[in-house]
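A quick write-up on the structure given underneath.
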Amino acid sequence: MNLLSRPGRWETFFWPLLAAALFLAAWHYSVIWTATRVFPSPLNVEAGLAELVRKHVLWGDIVDSLRRVAIGFGSAAVIGIPLGLTLGWYPALNQVLNPVLQILRPISPIAWIPVAIVFFGIGDRAAIFLVFLGAFFPIVVACVSGVSSVPTLFRRTGRNFGLSPTQVLARVVFPAALPQILIGLRIALGIAWLVVVAGEMIAVDSGLGYLVIDSRNSGKRYDLVVAAMLLIGLIGLALDIGFRRLEKIRSVRWGFSHGP
Amino acid sequence: MSTEAVMTPPILDVKLRMEHVGMVFGGDRKGVSVLEDINLDVCDGEFICLVGPSGCGKSTLLNVMGGFLSPTNGSVSIDGQIVHGPDPRRILVFQERAVFPWLTVEGNIGFGLSKMSRAQRDERIAHYVQMMRLQGFEQTYPSDLSGGMKQRLQVARALAVNPDILYLDEPFGALDSITRLIMRGELLRIWQVERRTIIFVTHDIDEAVQLADRVVVLSSRPAKIQDMLTIDVPRPRNISSPRYLELRDELLKKIRRAYTV
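Sequences listed follow chains A and B, in order. Start counting the first sequence at 1; every next residue gets the next number (this note's numbering). Start counting the second sequence at 261; every next residue gets the next number (this note's numbering).
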């Protein structure tokens, strides 16, 4: 295989498929060879998935998880982007608030679970609050650094053409920072998907996280546990791929490395 | 002051006047003096080149003229009015990375025209697309343009708001030498059509002699006006004519002096 030549069309599918097939085979045979009674083989998982689909519980759980992410991530973006832009625009204000943000930021949203339950009780709102927390800080941080790394050249040009400070923010600083803001949003969406599963294990009785923990608690159905895990992975991947499409929009494409 | 300064044609219309302009960064006591007692009159429609040792304060001077920095001493006035801040009537042009990468060619040229009606704006954009030879690239983003095209785009964006003065801060410094040569020709062509006052910072001696009506030589920091040289070679300039070469040598000598002072 020549590493310098462009891989053929079939190769771009063949090698990843082969790797996946080898992974499934390794999984399958290690279940057989270790003669485990608990851990399911890929075939058990597939049967489990089919059972979930048949019982019509799966779709509801997926929708519930996605809904919580949409609300939590959405409100984090709605509050976090203006806040981050403001902090980036007024460095003095950022200096005042930054220590608080930096202390809150490394706290895992999981650690907030007891607090969330005190605030919102067991239920949807507690889970959404956790998702919000997980997404909020990366969004704010990306906006602050995006705004403060806009070249002086651009700001000066904006002022030179007679723009007011608000216009400079809207017409120069925001579009110039947008690629970095999008990267922050993408990271935040990934975290939101991680957090919603954790939150659903404790705070609510629906969603993919609940499906995982419920399958284990009600009869140790590890085939269903692993099926739910795989689904979580696939949906997370789909969200990320969907979000990356935004990077191809013409007015932000300049900020990403993947060619013209 | 050298004899050439006396040879300057009688000043008809002073566009820009700098009187005792001084600039000290970081407070008066321990501050670094960057500009010292700069006095210069620039006529309407004149093409001035500023040359001087690198780091001497040429860009600072340009930013003071453009209103981005206020001088700690003296004043800059344009048409008799003291400059207090940036203004679309005088546009600074930088190296080519100052075009906005999130806007198309049209979007960049129209950037300063948001107060116009749609039709007026489109007409203005089309005019400068034509003038800067960017036809066919109206919807292209800067990342798909060459360095020379980006710089033409930046000049088009500046001209579109109809400024009376263009300040150019080593605008062709990052271009390769052939593109630079072509860009000089383009700039002269536009200047002859649209007759704006141009103040052009460069550290390229040939560039200065090819372009300017008058070359102002600055000393090393703190920058003072060390010398001035009127380039009395009619355009289009024959860059191998004896007079041209003589002036080029003279400028070189003056710059050498500026470096040693």
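Virtual Cβ for every residue (Gly too), placed ideally from N, Cα, C. The structure presented is a predicted model; accordingly, all values stated were derived computationally and were not measured.
How far does the alpha helix (DSSP H) with residue 499 of chain B in it reach, from first residue to last? Numbered from its first residue, the second sequence carries residue 499 of chain B at position 239. It is not in any alpha helix (DSSP H) - residue 499 of chain B carries neither H nor E in the DSSP assignment.
Rounded to the nearest angstrom, how far is the Cβ of residue 312 of chain B from that of residue 296 of chain B, given a contact under 8 Å? Here the question's residue 312 of chain B lines up with position 52 in the second sequence. Here the question's residue 296 of chain B lines up with position 36 in the second sequence. Cβ-Cβ separation between residue 312 of chain B and residue 296 of chain B: approximately 13 Å, too far for a contact (criterion under 8 Å).
Contained alpha helix (DSSP H) runs [length at least 4] in the stretch 449-506 of chain B, N- to C-terminal order: 465-471
Would you say the stretch 320-338 of chain B touches the stretch 125-135 of chain A, given that touching needs at least three Cβ pairs under 8 Å? no
DSSP bridge partner residues for residue 278 of chain B (one or two, in chain order): Working through the second sequence from its first residue, we reach residue 278 of chain B at position 18. For residue 278 of chain B, which the question treats as bridged, DSSP gives the partners B:300 and B:336.
Within the stretch 175-239 of chain A, note down every full alpha helix (DSSP H) run reaching 4 residues or more, in order along the chain. 208-217
Residues from the stretch 405-434 of chain B in contact with chain A, defined by Cβ distance under 8 Å: From the stretch 405-434 of chain B, only 421 have a Cβ closer than 8 Å to chain A.
In chain order, what residues of the same chain have a beta carbon less than 7 Å from the beta carbon of residue 192 of chain A, not counting five sequence neighbours either side? For the purposes of this step, residue 192 of chain A is taken as residue 192 along the first sequence, with counting starting at 1. 69, 72, 73, 131, 134 and 135, listed in sequence order.
Among the residues of its own chain, which have a CB less than 6 Å from the CB of residue 262 of chain A, if the five just before and after it don't count? Residue 262 of chain A lies beyond the range of chain A shown here (1 to 260); nothing can be said about it.
Residue environment, residue 512 of chain B, which counts as buried when at least 16 other CB atoms sit within 10 Å: Translated into positions along the second sequence, residue 512 of chain B becomes position 252. With fewer than 16 Cβ atoms within 10 Å of its Cβ, residue 512 of chain B is classed as exposed.
Backbone CA spacing between residue 104 of chain A and residue 370 of chain B [nearest angstrom]: In the first sequence, counting from the first residue as 1, residue 104 of chain A sits at position 104. In the second sequence, counting from the first residue as 1, residue 370 of chain B sits at position 110. Those two C-alpha atoms are separated by around 44 Å.
Step through the CB atoms of chain A and report whether any lies within less than 8 Å of the CB of residue 357 of chain B. Residue numbering aside, residue 357 of chain B sits at position 97 when the second sequence is read from its first letter. Output row for residue 357 of chain B: interface = yes.
For residue 20 of chain A, I'd like the list of residues in its chain whose CB is within less than 8 Å of its CB, leaving aside the five on either flank, ordered along the chain. The residue given as residue 20 of chain A occupies position 20 in the first sequence. Correct list: empty, nothing qualifies.
Is the stretch 86-97 of chain A close to the stretch 154-163 of chain A, with three or more CB pairs under 8 Å? no
Classify residue 459 of chain B as buried or exposed, calling it buried when 16 or more other Cβ atoms lie within 10 Å of its own Cβ. Indexing the second sequence from 1 puts residue 459 of chain B at position 199. Result: buried.
In terms of residues, what are the limits of the beta strand (DSSP E) holding residue 429 of chain B? Within the second sequence, residue 429 of chain B is the residue found at index 169, counting from 1. Note, residue 429 of chain B: beta strand (DSSP E), 425-429.
From the DSSP output, which residues share a beta bridge with residue 403 of chain B? The sequence position of residue 403 of chain B within the second sequence is 143, counting from 1. Beta-bridge annotation (DSSP): residue 403 of chain B is not paired with any residue.
To the nearest angstrom, how far is it from the Cα of residue 64 of chain A to the Cα of residue 99 of chain A? Taking the first sequence and counting its residues from 1, one reaches residue 64 of chain A at position 64. Taking the first sequence and counting its residues from 1, one reaches residue 99 of chain A at position 99. If you take the alpha carbons of residue 64 of chain A and residue 99 of chain A, they lie about 35 Å apart.
Alpha helix (DSSP H) segment containing residue 351 of chain B, residue limits: For the purposes of this step, residue 351 of chain B is identified with residue 91 of the second sequence, where counting begins at 1. Segment 350-353 is the beta strand (DSSP E) holding residue 351 of chain B; no alpha helix (DSSP H) there.
Which residue's Cα is closest to the Cα of residue 426 of chain B: B:417, B:483 and B:465? Counting from one through the second sequence, the residue named residue 426 of chain B turns up at place 166. When only C-alpha atoms are compared, the closest one is B:417.
Cross-chain neighbours of residue 250 of chain A in chain B, by beta carbon under 7 Å: Locating residue 250 of chain A in the first sequence gives position 250, where the first residue counts as 1. Residues of chain B passing the Cβ test: 401.
Beta-carbon neighbours of residue 351 of chain B, restricted to chain A and to distances below 7 Å: The sequence position of residue 351 of chain B within the second sequence is 91, counting from 1. Those are 160, listed as they occur along chain A.
Contacts of residue 317 of chain B in chain E (Cβ-Cβ under 9 Å): You won't find chain E in this structure, because its protein chains are A and B.
Applying a beta-carbon distance threshold of less than 7 Å, which residues of chain B neighbour residue 157 of chain A? What you label residue 157 of chain A is simply residue 157 of the first sequence in a count that begins at 1. Here the neighbours are 358.
Whose Cβ in chain B lies nearer than 8 Å to the Cβ of residue 153 of chain A? The sequence position of residue 153 of chain A within the first sequence is 153, counting from 1. Residues of chain B passing the Cβ test: 354, 357 and 358.
Classify residue 435 of chain B as helix, strand or coil using the three-state DSSP reduction. Taking the second sequence and counting its residues from 1, the one referred to as residue 435 of chain B is at position 175. The answer is coil: DSSP assigns residue 435 of chain B none of H, G, I, E or B.
What residues in the stretch 366-395 of chain B bring their beta carbon closer than 7 Å to a beta carbon of chain A? 371 and 372
Any non-hydrogen atom of the ligand SAH closer than 7 Å to residue 152 of chain A Cβ: In the structure on display, the ligand SAH does not appear, and there are no ligands present to speak of.
Any contact between the stretch 301-320 of chain B and the stretch 115-122 of chain A? By contact I mean 3 or more CB pairs, one from each, below 8 Å. Result no; under three Cβ-Cβ pairs closer than 8 Å.
Rounded to a whole number of angstroms, what is the C-alpha to C-alpha distance between residue 204 of chain A and residue 409 of chain B? The count along the first sequence starts at 1 and reaches residue 204 of chain A at position 204. The count along the second sequence starts at 1 and reaches residue 409 of chain B at position 149. Approximately 59 Å between the Cα atoms of the pair.
Boundaries (first-last residue) of the alpha helix (DSSP H) holding residue 101 of chain A: Numbered from 1 along the first sequence, position 101 holds the residue referred to as residue 101 of chain A. Residue 101 of chain A -> alpha helix (DSSP H) spans 91-104.
Cβ of residue 348 of chain B within 8 Å of any chain A Cβ: To locate residue 348 of chain B, count along the second sequence from 1; it is residue 88. Output row for residue 348 of chain B: interface = yes.
How is the alpha helix (DSSP H) around residue 131 of chain A delimited, first residue to last? Walking along the first sequence from the start, residue 131 of chain A turns up at place 131. Run containing residue 131 of chain A: 124-148, per the alpha helix (DSSP H) assignment.
In chain B, what lies closer than 9 Å to residue 254 of chain A by C-beta? For the purposes of this step, residue 254 of chain A is identified with residue 254 of the first sequence, where counting begins at 1. Residues of chain B passing the Cβ test: 361, 362, 401, 402 and 403.
Any beta carbon of chain B sitting closer than 8 Å to that of residue 165 of chain A? Counted from its first residue, the first sequence places residue 165 of chain A at position 165. So no, residue 165 of chain A is outside the interface.
Once you ignore the five residues that flank residue 245 of chain A on each side, which residues in its own chain have a CB closer than 8 Å to its CB? As a first step, residue 245 of chain A is located in the first sequence; it is residue number 245 there, counting from the start. Taken in chain order, the list of residues that qualify is empty.
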